[in-house]
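A quick write-up on the structure given underneath.
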Amino acid sequence: MSTRTAGLLASVGATIPVVAAPMAGGPSRPELVLAAAAAGGVGFLAAGYKSPEDLRVQIQQVQRATPRFGVNLFVPNQVPIEPAELDRHRAAVQRWLSDHARTGGDWAGEVELPEINSLAGVIRATGAPAVDEAPAVTAAPAEVWDDFWEQKLQVLEADPAPLISLTFGLPSARDLARLQATGARVLQTVTCVAEAESAARAGVDGLIVQCSSAGGHSGTWTPRKPPAEVGLLELLHAISSRTELPLWAAGGIADAAGVRAALHAGAQAAVLGTALLRCPESGTHPAHQQALADPPGVPETTLTTAFSGRPARALRNSFTDALTTSAPSGFPALHQLSAGLRRAAGAAADPHGLNLWAGTGFAAARPDPAGEVMRRLAGDHRV
């Protein structure tokens, strides 16, 4: 790799071109980030859904041990939903709970779904306009859910991370400048050529090119539309022809051949997510780990908005089978609606009520130490 293209990895002292993806909700805990760094790669903390204080504690824990890490932020990009549409989805979820309780999921009969007027992102009777899904998304007003955006910027200003990645949209020019002023290199997650071109014009330092095979949430900036089913290598070729920015490849990379193909297609790093979910250093729920080894339903993934209101790839289970076709877009309303259900399912170790995020290469995931997985997939490739 040239100095120009390897700069992001070399800047933090990485020796292998493999990155542990930020996975919100538990998997990307400090232990996983530190294991990635110890292997010579880079690991990312996931700021999404965390409180600012929890984020600060995790950053400081990692900072004390390694300079090879990054932090991922959810850029505010709320997906408003009409009350009637949300009410219909709530009723469908309630029917699923009732059916599941009758077929052995006793916990489901005890779940109380929140009322829709308590959820964020619901369009009020005043006729509040929907958020325009423009490529550039600015910080949301105080009364709108923004995942503590401003407070998390302040955390990163006080405790800088060498690398910052952004998901769900492009921040304002002012906020991007604030992040770069901390000394961080900022990477933008993109899912198509148009997003890549917008991010390049905005002045980010690199792009994370995510295809639709990726597990968990798509980073798409326009979440009312499912991401195009374009293969990772094709997407890398399309974007590399439009920009000279360093590219990191994400989505469906499950083995050494996948890493090799991504690097040969012009990526400077391969980003691993699902491949690390079963590693002992990850914070993945045990029922989720077991489901990756022994899927609870048809052994395949599906792209669904049923759990969160944004498109996300998960293992099929009875919840996705029942609700994916009818589930609307609405983030974070649907995420908040399903939160108690997911907690109860987790406590009962019932995979049918869990958001079993997984990429298309899930079958290759192994319960091996994260450093071993990263070195094995990196093969002979070095920064």
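Residue numbers (mature numbering (1 follows the signal peptide of the UniProt record, and there is no 0)): -20 to -1, 1 to 363.
Virtual Cβ for every residue (Gly too), placed ideally from N, Cα, C.
Here the structure is a predicted model, which is why all the values come from computation and not from measurement.
| Item | Value |
| --- | --- |
| Per-residue DSSP class, three states only, for H332 | helix |
| Residue ranges of each alpha helix (DSSP H) within the region 16 to 48, 4 or longer | 32 to 43 |
| Three-state secondary structure (DSSP) of A250 | strand |
| Among A358, V166, A329 and W201, the one whose alpha carbon lies nearest that of A88 | A329 |
| Cβ neighbours of L11 in the same chain (closer than 6 Å, five flanking residues each side left out) | Here the sequence assigns Glu to residue 11, which means Leu is not the residue at that position. Taken in chain order, the residues that qualify are E261. |
| Touching by the beta-carbon criterion (3+ pairs, under 8 Å), the region 283 to 299 and the region 343 to 353 | no |
| Residue burial classification, S198 (beta-carbon count within 10 angstroms, cutoff 16) | buried |
| Whole-angstrom distance between E95 and L317, CA atom to CA atom | 8 Å |
| Buried/exposed call for G183, threshold 16 Cβ in 10 Å | exposed |
| Nearest-angstrom Cβ-Cβ length linking L213 and I233, presumed shorter than 8 Å | With 8 Å as the limit, L213 and I233 do not qualify as a contact, their Cβ atoms being about 11 Å apart. |
| Nearest-angstrom Cα separation, counted from L35 out to Q168 | 20 Å |
| Residue burial classification, D360 (beta-carbon count within 10 angstroms, cutoff 16) | exposed |
| L93 in three-state terms, based on DSSP | coil |
| Pair within 7 Å by beta-carbon distance, P47 and P142 | yes |
| Euclidean distance between Cα positions of I(-5) and A345 | 20 Å |
| Minimum length 3: unbroken beta strand (DSSP E) runs contained in the region 119 to 164 | 143 to 147 |
| DSSP state of S243 mapped onto helix, strand, coil | The sequence as given places Leu at residue 243; Ser does not occur at that position. Three-state result, L243: helix. |
| Per-residue DSSP class, three states only, for P349 | coil |
| Per DSSP, the bridge partner or partners of N52 | A26 and S145 |
| Contact with chain D by S262, beta-carbon distance below 7 Å | No chain D is present in this structure, which holds just one protein chain. |
| Nearest-angstrom beta carbon gap, F49 and A17 [assumed within contact, 8 Å] | 6 Å |
| Anticipated Cβ contact below 8 Å, G246 with L227, distance rounded | 6 Å |
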